[in-house]
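Contents: one structure, followed by commentary.
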Amino acid sequence: MDILKKFLAYYKPYKKVLFADLFFASLASMAVLAYPMLVNQITKNAISEHGIDLALVVKMIVLFLFLMVVEYGSNFYTDYCGHAMGAKIESDMRSDLFRHVQKLSFQYHDNTRTGQLMSRITTDLFDISELAHHGPEDTVISLVRIVGSFIILVNINGMLTLTIFLILPVMIVFAYHYSIKVKNALKKNKERIADINSQIEDSLSGIRVVQSFANEEIEMDKFKGSNRRFLESRKNGYKVEALFFNGLTGFISFINISVVVVGALLISYNQLQLTELITFLLYLNTLVDPVKRLVNFTQNLQNGAAGFERFMEILAIEPDITDAQDAATLSKVKGKVEFVDVGFQYGSESNYVFRNINITANPGEYIALVGSSGVGKTTLCSLIPRFYETSEGTIQIDGTDIKTVQLKSLRDHIGIVQQDVYLFSGTIKENILYGKPGASDEEMINAAKHANAHEFIMGLPGGYNANIGQRGVKLSGGQKQRLSIARVFLKNPSILIFDEATSALDNESESVVQESFEKLARNRTTFVIAHRLSTIKNADRIIVLSEKGIAEEGTHAKLLEKKGIYEKLYTMQFN
Ligand code: ADP
Ligand code: MG
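Just so you know, we're using numbering that gives the first Met the number 0 here: the sequence shown kicks off at 0 and counts up by one.
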């Protein structure tokens with residue numbers, strides 16, 4: 000019931016269209032009910048052994064034309080505006096879903112296949128829109144037609160009507176049974192297409208890796224598997240559908256023949272007139288058609304309901320990282336960042352990545368994090384913008400617990416330059432402006448200049464309007480890094496996180512990136528996950544992480560003197 004309420008809520012903005020749709024649907028149904036009456040008038044009264052009553056025929060033809068206009072006019076409205084309403088509802092739902100999915104935390108996206116989500120956002124919602132449009136409409140059409148033709152049929156001849164209603168229940172049971180089979184087949188189809196989508200998404204995002212390992216055949220095999228499973232499920236779907244529709248048509252023919260046979264018998268016993276039998280047969284079809292429609296509708300309903308349930312399932316996932324109630328905005332930030340007894344585990348089942356971390360970074364301080372791979376440097380930094388929530392302890396900025404402030408305002412103060420830069424397909428300009436949408440061209444170009452990117456950008460055909468290809472494939476590693484630095488320059492945050500690319504850059508572009516980054520770091524609290532000597536040496540403080548937490552802390556010179564882990568790491572790497 001709750002789910003029905005939520006479904007109906009989507010009709011709210013379209014109440015008028017919905018009522019008009021239902022009105023025109025009933026109007027069209029009534030027109031359909033009236034046609035056989037006219038035929039009856041003509042066969043019974045206009046044509047007789049005394050000749051043709053031309054006036055009556057003309058009257059009937061005019062009425063006929065009028066009904067046609069009413070029927071097709073109404074149908075045009077329901078087909079066009081009704082479908083458009085369904086599409087609008089679908090589009091509203093899709094927006095809700097996309098907005099929601101964007102809010103879900105890293106934790107959720109770590110564990111969900113993108114292709115499957117895409118499938119839900121696109122194809123699954125189509126079923127719901129079909130239901131949204133045809134649901135109310137089919138119910139009204141069927142009710143008007145079934146009740147209307149039933150009353151008329153009984154009025155023409157009770158015996159004949161009884162004949163129909165002896166066969167009809169069997170047909171309904173058959174239809175219902177098969178509609179469930181069809182529904183299951185369709186559901187399977189959808190799961191299979193979602194599999195294919197995520198398979199394609201995975202292979203094509205990694206096309207460079209695929210081709211560099213020359214593993215096209217392996218990807219093809221994976222694809223063949225899911226493609227074949229989809230084919231199988233479609234074949235099965237067509238089989239049950241063919242059984243369903245042909246079985247149904249068979250039943251309808253059987254009903255027609257039975258009516259003709261019983262009707263002929265009744266005529267021979269003078270219980271029925273030929274014209275009545277003709278009218279009866281005409282009404283029979285206005286009765287059977289909505290029964291078919293109703294069965295179709297139950298299928299639509301099940302499909303749409305299943306789709307809507309899945310849709311609601313995703314909407315019901317609470318984003319686990321959100322604003323606390325009455326969260327304050329984090330306005331001006333000096334840049335003091337404190338980790339107080341911080342512990343973290345990815346999920347309650349897994350081990351702690353670290354515990355008891357205590358760090359105080361003063362405003363403007365430049366801190367280098369070093370430690371072997373997998374020790375938790377990236378994880379530690381991802382806690383500051385609350386990409387993940389601390390499992391223990393708190394993180395404070397200027398003395399305020401980050402959990403108590405609005406997420407957006409927190410993230411507005413933090414700039415991140417990631418190890419693998421993510422750029423969006425589009426132009427250079429669009430990508431830099433991502434740091435501060437709406438910034439002026441002057442600000443944007445200034446940011447690029449600070450990031451040592453202006454020169455290479457001007458060298459590109461099109462300059463700032465050059466297209467960088469999907470995820471920036473048309474740029475070199477160093478260029479991408481500098482663009483991502485320009486993006487952060489434009490954002491101008493007080494706190495900076497730089498996950499240094501290990502060895503993706505050659506020496507020359509490394510020093511250019513390094514230089515632009517150092518400019519960026521000036522007067523900002525900076526955490527650098529450092530791999531290179533140059534970044535480490537200049538640090539105000541170096542924090543050495545080990546499996547046991549913070550192992551050592553101090554300046555480069557002090558740590559070398561200490562002859563501990565850092566000294567070992569250092570001599571290993573740089574001598
Ligand atoms: P570092 O940056 O020091 O190399 P990370 O912070 O990336 O280390 O990883 C620390 C540990 O957390 C590793 O054992 C890694 O396997 C695990 N880890 C990293 N990211 C995730 C994730 N998204 N989900 C689960 N575990 C993760
Ligand atoms: Mg890392």
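Built from N, CA and C at the ideal position, the CB exists for glycine as well.
Below 8 Å between beta carbons: does that hold for K567 and H555? Between K567 and H555, the CB-CB gap reaches or exceeds 8 Å.
Just to confirm the assignment, what range does the beta strand (DSSP E) spanning N577 have? Nothing about residue 577 can be reported from this structure: the residues present for the chain run from 0 to 574 only.
Cβ contact (3+ pairs, closer than 8 Å) linking the segment 194-202 and the segment 111-118: In short, these stretches touch, since the Cβ pair count reaches three.
Measuring alpha carbon to alpha carbon, tell me which residue in T403, E215, T285 and I163 is nearest V259. Comparing alpha carbon positions, the residue from T403, E215, T285 and I163 closest to V259 is I163.
Given a cut-off of 8 Å, decide if F488 and A520 are closer than it, judged by their beta-carbon atoms. With contacts defined as CB atoms closer than 8 Å, A520 and F488 fail to qualify as a contacting pair.
T534 and E499 closer than 8 Å at C-beta: Between T534 and E499, the CB-CB gap stays under 8 Å.
Is D419 near the ligand ZN - that is, is its Cβ less than 7 Å away from at least one heavy atom of it? What this structure holds is the ligand ADP and the ligand MG, not the ligand ZN.
Classify H133 as buried or exposed, calling it buried when 16 or more other Cβ atoms lie within 10 Å of its own Cβ. H133 is buried by the Cβ-count criterion.
Whole-angstrom C-beta distance between V543 and Y565, which should lie under 8 Å: Cβ-Cβ separation between Y565 and V543: approximately 5 Å, consistent with a contact (criterion under 8 Å).
D340 lies in the beta strand (DSSP E); which residues open and close that run? Here the beta strand (DSSP E) through D340 covers V336 to Q344.
M443 vs L432 beta-carbon contact at 8 Å: A Cβ-Cβ contact shorter than 8 Å links M443 with L432.
So the beta strand (DSSP E) T525 belongs to, where does it begin and stop? For T525, the enclosing beta strand (DSSP E) has its first and last residue at T524 to I528.
Distance cut 5 Å, beta-carbon to the ligand ADP heavy atom: residue list by chain order: Matched residues: D109, Y345, V352, S372, G373, V374, G375, K376, T377 and T378.
7 Å Cβ shell around V404 - same chain, five flanking residues per side excluded: Hits under 7 Å: A326, A327, T328 and L329.
Note the first and the last residue of the continuous alpha helix (DSSP H) segment covering I163. Where I163 is concerned, the enclosing alpha helix (DSSP H) stretches over G157 to S204.
Among R470, G81 and V261, whose alpha-carbon lies nearest the alpha-carbon of L165? For L165, the nearest C-alpha among the options comes from V261.
Let me know the secondary structure DSSP gives A450 once reduced to three states. In the three-state reduction of the DSSP assignment, A450 falls in the coil class.
Less than 8 Å separating the beta-carbons of F307 and I192? A distance of 8 Å or more separates the beta carbons of F307 and I192.
Could you tell me whether the Cβ atoms of R385 and R119 are closer together than 8 Å? No.
Any heavy atom of the ligand MG closer than 7 Å to the Cβ of I528? Yes, Cβ of I528 sits closer than 7 Å to a heavy atom of the ligand MG.
Span of the beta strand (DSSP E) holding F497? First-last of the beta strand (DSSP E) with F497: I494 to D498.
Taking only runs of the beta strand (DSSP E) that begin and end inside the segment 357-401, which ones reach a length of at least 3 residues, in chain order? Listed in chain order, they are 365-369 and 391-396.
Would you say the beta carbon of D1 is closer than 7 Å to some non-hydrogen atom of the ligand MG? Exclusion of D1 from the 7 Å shell around the ligand MG follows from its C-beta lying no nearer than that to any non-hydrogen atom of the ligand.
Quick one: Cα of V100 to Cα of A30, how far? Approximately 46 Å, taken between the alpha carbons.
In whole angstroms, what is the alpha-carbon distance linking V332 and K561? Cα to Cα, V332 sits roughly 35 Å from K561.
Compute the Euclidean distance between the alpha carbons of E70 and T77, then round it to the nearest angstrom. The alpha-carbon of E70 is positioned some 11 Å away from that of T77.
Considering S424, what are the terminal residues of the alpha helix (DSSP H) in which it resides? S424 -> no alpha helix (DSSP H), and no H or E assigned at all.
Return the bridge partner residues of S545 from the DSSP annotation. DSSP lists G548 as the bridge partner or partners of S545.
At a cut-off of 7 Å, is D498 close to the ligand MG when judged by its beta-carbon and the heavy atoms of the ligand? Checking every heavy atom of the ligand MG against the Cβ of D498, one is found closer than 7 Å.
Take A465 as the anchor and find which of G398, S493, N430 and G476 has the nearest alpha-carbon. Residue N430 is the option with its Cα nearest to A465.
Member of L7, S73 and M36 whose CA lies at the smallest distance from the CA of A19: Nearest C-alpha to A19: S73.
Taking C-beta to C-beta, are E129 and G236 nearer than 8 Å? No. Outside cutoff.
Out of S347, L495 and E218, which has the shortest C-alpha to C-alpha gap to D411? The residue with the shortest Cα to Cα distance from D411 is L495.
Please determine, among V336, I51, N350 and F173, the residue with the shortest C-alpha to C-alpha distance to T248. Taking T248 as reference, the option from V336, I51, N350 and F173 with the minimal CA-CA separation is F173.
For K102, tell me which candidate among V472, K407 and K435 has the shortest Cα-Cα distance. Nearest to K102 by alpha-carbon distance, out of V472, K407 and K435, is K407.
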